[in-house]
Amino acid sequence: MIHRRLHPLMIMLLLAGCAVGPDYQQPAPPSVTHWNDKGDSAVKSQTSSAATNPRWWKTFGSPQLDSLVERAIAGNLTLQQTVLRIAGAREQINQAGGAFYPSVNGNLQATRQQLGLEGELKSHGVYDQVDSIDPNLKGALGPLTQPINLYQGSFDAQWEIDLWGKVRRQVEAAEAQQKAAIEQRNDALVSLEAEVARAWLQLRGAQSVIATLNTQIKSAQQTLDLTESRQRGGLSPQMDVENARAQLGNLEAQLPQYQAQERQAMNGLAILLGKPPGALDAELQRVQPMPALPDIVQTGIPSTLARRRPDVREAEANLHAATAQIGVSVAELFPSFTLSGQFGLRNSETNWLTDWSSHFYSFGPQVSIPIFQGGRLVSSVKVARAQQGAAVLDYRQTVLTALGDVENALVSYRTDQQREAGLAKTIDALQNAFDLASDSYRQGIASFIDVLDAQRQLAQAQQQRAQAQVQSALDLVALYKALGGGWEPYQQVQLPDYSVFGDAPRG
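Those letters in the sequence shown? Residues -21 to -1, 1 to 486, per mature numbering (1 follows the signal peptide of the UniProt record, and there is no 0), in order.
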């Protein structure tokens, strides 16, 4: 029979392969299989359950918008801040992982000491007997009873064996926190893409309303010219002229607010690209029409939303970190095993420091057992478990919020398209009414008030339709943002060049 014995060190190494605390398990995706909003076949732009386009802004078909988004990703300062947070989280992983290795410190020390040897000898009655032992001994002891200089150089090493997986759980938590920082950056990226698209659409929308107003002003000017001509011929009273002039003035008074919106949108785009206001004016001032909405909007299915939305992915990473922290707190309940050692040279004469006889050393294991901590360690475990529970609820709430964002965006996109379609029919009818009223007025069978009223209603409907077109496009941007796409093609993260207080010292 062969007896096999395991060396205690081997047992410790085997135990070091485990880690206390719960292992993280990825939450199940949402069980919802389809979006609740049913859509409307009457609207132009329909939704599809096909996978979403990661570069969704290209569906607007504008090379200028494509360029603005790419430049914003490269130059936006807020996005660069999130990249620096990733760098900080990466270093936290290195900090946590450093506990796997021994710590070694070098020490140099020079002290002046009074050893008190003479008093020690006198207190034991030895000093007065030195002469009787050896007449030369007191003279030899003389230098030792005086203050001396002591020089020492040493290396101290200490290594705590990760027997219960505390360090591994700390590294696991740090890696999860880095993942959360990456998802914060991805969330900022999705928001940035949406903000650029929104600002660009608001710019084109303001220009579209301005163009509509200019057309209406031209029509109102023609009406005023006609009325003045009829007044000079005695066919219309002066009141009709004043009413026509008031109609024209009312339309002209609406221009400044949309011109301000145009300017604000251009300034906003410049800032999003990391540039001062006005830097993009030459590029953006040229009027372009509102882009057409895509025939099909790809929304994917609800079960894939949790894998695509950065805020959901961040909440999951936070849950992972909270789960790992439980293991860190549980490991504190168990004994810790440390190997420590010291080696150095010590002498009162510097020229003797290189002599081997001046060396000293110590080494050995140390076990620290938490016998009584006043309940602090157990409470730490309970706190960690409570924080994990809160992270679970936060994850579930984030998923529900994400689903709600998409559903609400789908409803807004559909209903605003319905409104736009209704306004298109209204404009056709009001245009016919205005034409009929104008013809009847010229023939003298309708009052001028009928003409002005028809013109006013037509102008309002045209402006409302232009605004509805903008809102439908903005709803589409909100839908794409709610779906969470747009970060996938931009995962090659590079630290931005920055200098705040000058160059940092290099070690």
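Even for Gly, the Cβ is constructed at its ideal location relative to N, Cα and C. Note that the coordinates shown come from a computational prediction; the quantities given were computed from them, not determined experimentally.
For residue i, count the other beta carbons within 10 Å of its own beta carbon; 16 or more makes it buried, fewer makes it exposed. Which is it?
i	result
Y80	exposed
G323	buried
F39	buried
N55	buried
P404	Checking the sequence shown, residue 404 turns out to be Lys, not Pro. Looking at its Cβ environment, which holds fewer than 16 other Cβ atoms inside 10 Å, K404 is exposed.
E174	buried
Q473	exposed
P1	exposed
H(-19)	Confidence in H(-19) is poor, its pLDDT being 42 and thus under 50, which makes the residue's placement unreliable; the coordinate value appears in the next sentence. H(-19) comes out exposed.
A30	exposed
V346	exposed
P314	exposed
D166	buried
R421	exposed
P349	exposed
D454	buried
L214	exposed
Q470	exposed
G423	exposed
Among the residues of its own chain, which have a CB less than 7 Å from the CB of residue i, if the five just before and after it don't count?
i	result
R288	A381, G463
L230	L192, Q195, I196, A199, A438
V378	P9, A285, V291
L227	I196, A199, Q200, L203
I72	V150, A153, E154, Q157
S133	N86, Q321, F322, G323
By the DSSP assignment, the alpha helix (DSSP H) with residue i in it spans what residues?
i	result
R231	The question names Arg, yet the displayed sequence has Glu at residue 231. That run of the alpha helix (DSSP H) goes 217 to 251.
E399	355 to 421
Y459	427 to 462
S46	42 to 54
V169	145 to 211
R292	289 to 310
A136	Unbroken run through A136 is the beta strand (DSSP E), 127 to 140; no alpha helix (DSSP H).
L263	260 to 263
Here's a check: name, in chain order, each residue in its chain whose Cβ is nearer than 6 Å to the Cβ of residue i, leaving out the five neighbours to either side.
i	result
Q436	L409
A445	S187, V188, T191
F342	G320
L171	A51, N55, L58
L129	T90, Q92, S327
L312	L356
T61	Q163, R164, A167
L431	N222, Q226
D207	Sequence inspection shows Glu at residue 207; the Asp mentioned does not correspond to that position. Closer than 6 Å at the Cβ level, and outside the excluded window around E207, lie V220.
L248	A178, L259
A301	Q366, Q367, A370
Y3	H299, T302
Tell me whether the beta-carbon of residue i lies closer than 8 Å to the beta-carbon of residue j.
i	j	result
P235	N246	no
Q210	D219	yes
P42	P468	no
R164	V456	no
G465	W35	yes
A152	I65	no
G144	V(-2)	yes
F339	R325	yes
A68	A303	no
Q131	Q88	yes
F413	N222	no
D429	A416	yes
M269	A7	no
N297	A365	no
P281	W14	yes
Leaving aside the five residues before and after residue i along the sequence, list all residues of the same chain whose C-beta is less than 8 Å from its C-beta, in chain order.
i	result
S27	I275, V276, Q277, T278
V390	D16
residue 502	Any property of residue 502 remains undetermined from this structure, which presents the chain solely from -21 to 486.
S337	L324, R325, N326, W331
L440	Just to set this straight, residue 440 is Ala in the shown sequence, not Leu. Excluding positions up to five away in sequence, the list reads L402, T405, I406, L409.
Q25	G18, D274, I275, V276
If you follow the beta strand (DSSP E) that residue i is part of, which residue opens it and which one closes it?
i	result
G343	338 to 347
N86	82 to 92
V276	275 to 277
F351	Here F351 belongs to no beta strand (DSSP E), and DSSP marks it neither H nor E.
L26	Correcting the residue identity first, residue 26 is Thr in this sequence and not Leu. First-last of the beta strand (DSSP E) with T26: 25 to 27.
N15	Here N15 belongs to no beta strand (DSSP E), and DSSP marks it neither H nor E.
R34	R34 -> no beta strand (DSSP E), and no H or E assigned at all.
S315	315 to 326
May I ask whether a heavy atom of the ligand ZN can be found less than 7 Å away from the beta carbon of residue i?
i	result
G40	With respect to small molecules bound, the structure shown includes none, and the ligand ZN cannot be examined in it.
When the Cβ atoms of the stretch 253 to 271 are set against those of the stretch 360 to 367, are three or more pairs found closer than 8 Å? no
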